[in-house]
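**Q**
There are 2 protein chains.
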Amino acid sequence: MELLNQHASIRKFEDRAVDPKILESIVYSGSRASTTGNMQLYSVVATQDKENRQRLAPLHFNQKVALEAPVLLTFVADFNRFSKWCTQNSAEPGYSNFHSFFSAAIDALLVAQNACIAAENYGLGICYLGTTTYNAKEIIDVLKLPKLTFPVTTVAIGYPAEKPELTDRIPLKGILHNETYHDFNEAEIDELYAYKENLESMKQFVLENGKETLAQVFTDIRYKKSDNEFFSAKMLQTIKEQGFSF
Amino acid sequence: MELLNQHASIRKFEDRAVDPKILESIVYSGSRASTTGNMQLYSVVATQDKENRQRLAPLHFNQKVALEAPVLLTFVADFNRFSKWCTQNSAEPGYSNFHSFFSAAIDALLVAQNACIAAENYGLGICYLGTTTYNAKEIIDVLKLPKLTFPVTTVAIGYPAEKPELTDRIPLKGILHNETYHDFNEAEIDELYAYKENLESMKQFVLENGKETLAQVFTDIRYKKSDNEFFSAKMLQTIKEQGFSF
Numbered sequence: 001m002e003l004l005n006q007h008a009s010i011r012k013f014e015d016r017a018v019d020p021k022i023l024e025s026i027v028y029s030g031s032r033a034s035t036t037g038n039m040q041l042y043s044v045v046a047t048q049d050k051e052n053r054q055r056l057a058p059l060h061f062n063q064k065v066a067l068e069a070p071v072l073l074t075f076v077a078d079f080n081r082f083s084k085w086c087t088q089n090s091a092e093p094g095y096s097n098f099h100s101f102f103s104a105a106i107d108a109l110l111v112a113q114n115a116c117i118a119a120e121n122y123g124l125g126i127c128y129l130g131t132t133t134y135n136a137k138e139i140i141d142v143l144k145l146p147k148l149t150f151p152v153t154t155v156a157i158g159y160p161a162e163k164p165e166l167t168d169r170i171p172l173k174g175i176l177h178n179e180t181y182h183d184f185n186e187a188e189i190d191e192l193y194a195y196k197e198n199l200e201s202m203k204q205f206v207l208e209n210g211k212e213t214l215a216q217v218f219t220d221i222r223y224k225k226s227d228n229e230f231f232s233a234k235m236l237q238t239i240k241e242q243g244f245s246f
Numbered sequence: 001m002e003l004l005n006q007h008a009s010i011r012k013f014e015d016r017a018v019d020p021k022i023l024e025s026i027v028y029s030g031s032r033a034s035t036t037g038n039m040q041l042y043s044v045v046a047t048q049d050k051e052n053r054q055r056l057a058p059l060h061f062n063q064k065v066a067l068e069a070p071v072l073l074t075f076v077a078d079f080n081r082f083s084k085w086c087t088q089n090s091a092e093p094g095y096s097n098f099h100s101f102f103s104a105a106i107d108a109l110l111v112a113q114n115a116c117i118a119a120e121n122y123g124l125g126i127c128y129l130g131t132t133t134y135n136a137k138e139i140i141d142v143l144k145l146p147k148l149t150f151p152v153t154t155v156a157i158g159y160p161a162e163k164p165e166l167t168d169r170i171p172l173k174g175i176l177h178n179e180t181y182h183d184f185n186e187a188e189i190d191e192l193y194a195y196k197e198n199l200e201s202m203k204q205f206v207l208e209n210g211k212e213t214l215a216q217v218f219t220d221i222r223y224k225k226s227d228n229e230f231f232s233a234k235m236l237q238t239i240k241e242q243g244f245s246f
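Chains Z and L, in that order, give the protein sequences. With full-length UniProt numbering, you'll find the first sequence wraps up at 246, consecutive numbering, no jumps. With full-length UniProt numbering, you'll find the second sequence wraps up at 246, consecutive numbering, no jumps.
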């Protein structure tokens with residue numbers, strides 16, 4: 001519980017490799033997560049070779065953490081392995097569709113989170129790279145991912161060289177809904193986000209970016225509509241190219 | 001680690017409610033998971049009222065576990081709350097697209113897995129209901145989910161009234177790939193699935209279903225192409241209806 005509640009993403013790592021046995025143990029713990037019909041619709045690709053990490057880093061927009069982490073684990077929704085098993089056992093796989101893609105993505109993400117907790121339990125630090133879905137097409141090329149697979153997230157792993165503060169969260173009443181979704185009125189939204197907006201770091205963030213409100217930093221700079229729309233079209237196209245047609 | 005490695009889904013529960021403080025603590029631990037840009041793109045709806053559980057159960061195909069668990073937690077990809085905050089802070093949200101939907105789904109799934117581990121740490125048992133994406137449209141109605149939200153998974157929670165064996169997993173070499181994806185040849189696939197195929201329970205499963213191979217039980221009965229295609233179209237339509245257009 002302590003481990004879950006004290007999680008903070010690590011973006012600076014010691015120059016120290018992760019023992020292969022530890023890496024295997026982490027992925028094993030990942031694989032103990034629940035999985036759709038026990039089909040295990042995922043694979044994990046570990047990138048440790050420096051040249052390969054340098055190939056991946058630009059696809060993660062050259063975030064320092066992607067460049068410097070000793071290990072990148074890419075979590076892949078995978079219906080390739082299972083479908084091959086079907087085909088060679090006189091069974092016709094029916095998984096080249098969106099719903100199957102999404103089921104495999106769920107599987108891969110539960111594995112990822114279990115693996116992160118296992119890693120932290122070994123004293124390692126982790127950072128999710130949300131950039132995987134932006135450049136899935138290029139990551140597929142670098143990692144040689146076959147049809148019926150799709151990379152859904154990447155986790156940078158290594159021994160921490162920093163100890164960041166916990167980041168802010170909105171109050172629980174903004175997250176947990178009793179019986180039905182409680183939609184929020186303006187005053188409630190104000191209240192939920194007040195703590196975040198009043199953090200010195202966030203005020204600084206607004207100032208540095210020359211914006212009037214913190215929300216504008218998100219909409220105009222960090223997660224822009226035009227980028228989201230561009231990467232939506234690209235991602236949908238890549239899902240289809242990987243054989244999940246719709 | 002023990003907790004992760006000893007996980008087995010629980011489908012039979014004691015007739016005993018879960019203390020609201022424990023439920024809050026579980027969801028809080030969920031919310032400590034990594035989240036895209038710290039936007040917390042998720043909500044959790046707790047269904048405990050008997051009538052509401054009876055409304056949800058048919059949408060989970062009346063699985064006994066859905067009918068009998070004292071709590072169902074539905075994990076919702078949620079760009080509604082964040083977008084409202086943007087709008088009332090002079091910022092134009094740009095999240096009505098597929099990529100934003102998928103980012104929120106990732107967020108919600110990491111919360112779900114953390115919450116499951118926290119629940120197990122309290123001695124509770126959990127079972128994922130993969131059926132959520134099949135009937136998302138109807139679940140949206142029952143839980144009154146607004147536009148820019150989408151239910152991605154549901155977890156049944158309660159005090160265990162059974163202690164099932166761990167389920168089988170394929171060997172780690174079928175999951176963990178070194179540097180690039182190692183695609184599998186026929187002999188390798190045979191080897192990966194041999195243990196599963198030779199389990200007495202699986203042989204029984206093939207027999208009961210009148211099939212020749214275990215793979216056929218999956219393709220012809222449990223996860224059929226025609227069902228997958230039907231639910232793909234339905235799910236895509238629902239994602240769009242919820243305001244994530246593409």
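We treat Cβ as the ideally placed atom computed from N, Cα and C, and that holds for glycine.
For a test of the three-state rule: what should DSSP assign to Phe79(L), helix, strand or coil?
**A** The sequence position of residue 79(L) within the second sequence is 79, counting from 1. Correct three-state label for Phe79(L): coil.
**Q** For Leu236(Z) versus Phe98(L), is the C-beta spacing smaller than 8 Å?
**A** Here the question's residue 236(Z) lines up with position 236 in the first sequence. Here the question's residue 98(L) lines up with position 98 in the second sequence. Taking 8 Å as the Cβ cut-off, Leu236(Z) and Phe98(L) qualify as a contacting pair.
**Q** What are the partner residues of Cys86(Z), as DSSP defines its beta bridges?
**A** Counted from its first residue, the first sequence places residue 86(Z) at position 86. Cys86(Z) pairs with nothing; no bridge assigned.
**Q** Tell me Leu73(Z)'s beta-bridge partners as DSSP assigns them.
**A** Position 73 of the first sequence, counted from the first residue, corresponds to residue 73(Z). Paired residues: Ala46(Z), Val155(Z).
**Q** Could you pull the start and end residues of the beta strand (DSSP E) that His177(L) belongs to?
**A** Position 177 of the second sequence, counted from the first residue, corresponds to residue 177(L). Residues 176 to 178.
**Q** Which residues in chain Z sit within 9 Å of Ile139(L), going by Cβ to Cβ distance?
**A** As a first step, residue 139(L) is located in the second sequence; it is residue number 139 there, counting from the start. Here the premise fails: no neighbours, minimum Cβ distance about 11 Å.
**Q** Pro146(Z) versus chain L: which residues are under 7 Å apart at the beta carbon?
**A** Working through the first sequence from its first residue, we reach residue 146(Z) at position 146. Neighbours of Pro146(Z) on chain L, chain order: Tyr181, Asp183.
**Q** Does the separation of the CB atoms of Ser9(L) and Ile126(L) fall below 8 Å?
**A** For the purposes of this step, residue 9(L) is identified with residue 9 of the second sequence, where counting begins at 1. For the purposes of this step, residue 126(L) is identified with residue 126 of the second sequence, where counting begins at 1. Yes. Within cutoff.
**Q** Should Gly243(Z) go down as buried or exposed, given a rule of 16 or more other Cβ atoms within 10 Å for buried?
**A** Residue mapping note: residue 243(Z) aligns to position 243 of the first sequence, counting from 1. That one is buried.
**Q** Output yes if chain L places a C-beta closer than 8 Å to the C-beta of Met1(Z); else output no.
**A** For the purposes of this step, residue 1(Z) is identified with residue 1 of the first sequence, where counting begins at 1. At least one chain L Cβ lies under 8 Å of Met1(Z).
**Q** With contact counted as at least three CB pairs below 8 Å, one residue from each stretch, are the segment 135 to 153 of chain L and the segment 48 to 60 of chain Z in contact?
**A** Contact fails: fewer than three Cβ-Cβ distances are below 8 Å.
**Q** Would Glu42(Z) pass as a contact of Ala77(Z) if the rule is Cβ separation under 8 Å?
**A** Walking along the first sequence from the start, residue 42(Z) turns up at place 42. Walking along the first sequence from the start, residue 77(Z) turns up at place 77. Checking the sequence shown, residue 42(Z) turns out to be Tyr, not Glu. Contact flag set, yes.
**Q** Closer than 7 Å by C-beta to Met202(L): which residues in its own chain qualify, once you throw out the five before and the five after it? Chain order, please.
**A** Indexing the second sequence from 1 puts residue 202(L) at position 202. Answer for Met202(L): Lys196, Leu214, listed in chain order.
**Q** How would you list, in chain order, the residues of chain L whose beta-carbon sits under 8 Å from the beta-carbon of Asn114(Z)?
**A** On the first sequence, position 114 is the one that residue 114(Z) refers to. Correct list: Leu4, Gln113, Ile117.
**Q** Can you tell me whether Asn185(L) sits near the ligand ZN, meaning its C-beta is under 7 Å from at least one heavy atom of the ligand?
**A** Although the ligand ZN was asked about, the structure shown includes no ligands whatsoever.
**Q** Could you spell out the range, first to last residue, of the alpha helix (DSSP H) harbouring Ile106(L)?
**A** Position 106 of the second sequence, counting from 1, holds the residue named residue 106(L). Start and end: 98 to 121.
**Q** Distance check for Ala194(Z) and Thr132(Z), CA to CA, integer angstroms please.
**A** For the purposes of this step, residue 132(Z) is identified with residue 132 of the first sequence, where counting begins at 1. For the purposes of this step, residue 194(Z) is identified with residue 194 of the first sequence, where counting begins at 1. The alpha-carbon atoms of Thr132(Z) and Ala194(Z) are separated by roughly 31 Å.
**Q** So Ala156(L) and Ala66(L) are supposed to be a Cβ contact under 8 Å. How far apart are they, rounded?
**A** Residue numbering aside, residue 156(L) sits at position 156 when the second sequence is read from its first letter. Residue numbering aside, residue 66(L) sits at position 66 when the second sequence is read from its first letter. The pair is a contact, with the Cβ atoms about 6 Å apart (cut-off 8 Å).
**Q** Give me the chain L residues within the contact set of Ala91(Z), using Cβ-Cβ distance strictly less than 8 Å, ordered along the chain.
**A** As a position in the first sequence, residue 91(Z) is number 91, starting the count at 1. Correct list: Thr213, Ala215, Gln216, Phe218, Thr219, Asp220.
**Q** Name the residue from Tyr128(L), Asp183(L), Phe79(L), Phe184(L) whose alpha carbon lies nearest to the alpha carbon of Ala218(Z).
**A** Reading the first sequence from its first residue, position 218 is the one you call residue 218(Z). What sits at residue 218(Z) in the sequence shown is Phe, not Ala. That would be Phe79(L), whose Cα lies nearest to the Cα of Phe218(Z).
**Q** Does DSSP put Gly94(Z) in a helix, in a strand, or in coil?
**A** Position 94 of the first sequence holds residue 94(Z). If DSSP states are grouped into helix, strand and coil, Gly94(Z) belongs with coil.
**Q** Evaluate the contact criterion for the segment 104 to 119 of chain Z versus the segment 111 to 127 of chain L: three or more CB pairs, one atom per stretch, below 8 Å.
**A** These segments touch.
**Q** Helix, strand or coil for Ile126(L), going by three-state DSSP, please let me know.
**A** Taking the first residue of the second sequence as 1, we reach residue 126(L) at position 126. Reduced to three states, the DSSP call for Ile126(L) is strand.
**Q** Who are the Cβ neighbours of Phe205(L) in its own chain at under 8 Å, not counting the five residues just before and after it?
**A** As a first step, residue 205(L) must be located in the second sequence, where it is residue number 205. Closer than 8 Å at Cβ, skipping near neighbours: Leu214, Val217.
**Q** Where Ile221(L) and Arg11(Z) are concerned, what is the direct C-alpha to C-alpha distance, given to the nearest angstrom?
**A** Locating residue 221(L) in the second sequence gives position 221, where the first residue counts as 1. Locating residue 11(Z) in the first sequence gives position 11, where the first residue counts as 1. Ile221(L) and Arg11(Z): Cα-Cα distance of roughly 46 Å.
**Q** Could you spell out the range, first to last residue, of the alpha helix (DSSP H) harbouring Asn5(Z)?
**A** The residue labelled residue 5(Z) in the question sits at position 5 within the first sequence. Segment 2 to 5, the alpha helix (DSSP H) holding Asn5(Z).
**Q** Which chain Z residues sit within Cβ distance under 8 Å of Val71(L)?
**A** Here the question's residue 71(L) lines up with position 71 in the second sequence. Neighbours of Val71(L) on chain Z: none; closest Cβ ~11 Å, over 8 Å.
**Q** Who does Ser245(Z) pair with in a DSSP beta bridge?
**A** Looking up residue 245(Z) in the first sequence gives position 245. In DSSP, Ser245(Z) forms a bridge with Asn97(Z).
**Q** Are Glu14(Z) and Tyr128(Z) touching if we call contact CB-CB under 8 Å?
**A** The residue labelled residue 14(Z) in the question sits at position 14 within the first sequence. The residue labelled residue 128(Z) in the question sits at position 128 within the first sequence. Not in contact: Glu14(Z) and Tyr128(Z) (Cβ atoms no closer than 8 Å).
**Q** Return the Cβ separation of Ile106(Z) and Thr167(L) in integer angstroms, given the expectation that the two are a contact with Cβ distance under 8 Å.
**A** What you label residue 106(Z) is simply residue 106 of the first sequence in a count that begins at 1. What you label residue 167(L) is simply residue 167 of the second sequence in a count that begins at 1. With 8 Å as the limit, Ile106(Z) and Thr167(L) do not qualify as a contact, their Cβ atoms being about 17 Å apart.
**Q** What residue does the alpha helix (DSSP H) around Gly30(Z) start on, and which one ends it?
**A** Position 30 of the first sequence holds residue 30(Z). From DSSP, the alpha helix (DSSP H) with Gly30(Z) extends over 20 to 31.
**Q** Using 10 angstroms around the beta-carbon of Glu120(Z), count the other beta-carbons present and answer buried if the total reaches 16, otherwise exposed.
**A** Residue mapping note: residue 120(Z) aligns to position 120 of the first sequence, counting from 1. When all chains shown are included, Glu120(Z) counts as buried.
**Q** Mind listing the chain Z neighbours of Gln40(L)? Cutoff is C-beta to C-beta under 9 Å, in chain order.
**A** Here residue 40(L) refers to the residue found at position 40 of the second sequence. Result: Arg169, Ile170, Gly174, Ile175.
**Q** Work out the CA separation of Glu165(Z) and Gln2(Z) for me, nearest whole Å.
**A** Here the question's residue 2(Z) lines up with position 2 in the first sequence. Here the question's residue 165(Z) lines up with position 165 in the first sequence. Per the sequence presented here, residue 2(Z) reads as Glu, with Gln not at that position. Rounded to the nearest angstrom, the two C-alpha atoms are 15 Å apart.
**Q** Whole angstroms is fine: what's the gap from Thr238(L)'s alpha carbon to Phe231(L)'s?
**A** Position 238 of the second sequence, counted from the first residue, corresponds to residue 238(L). Position 231 of the second sequence, counted from the first residue, corresponds to residue 231(L). Roughly 10 Å separates the two Cα atoms.
**Q** Identify the contact partners of Val27(Z) in chain L, using a Cβ-Cβ distance below 7 Å as the criterion.
**A** Working through the first sequence from its first residue, we reach residue 27(Z) at position 27. In chain order: Leu172, Ile175, Leu176.
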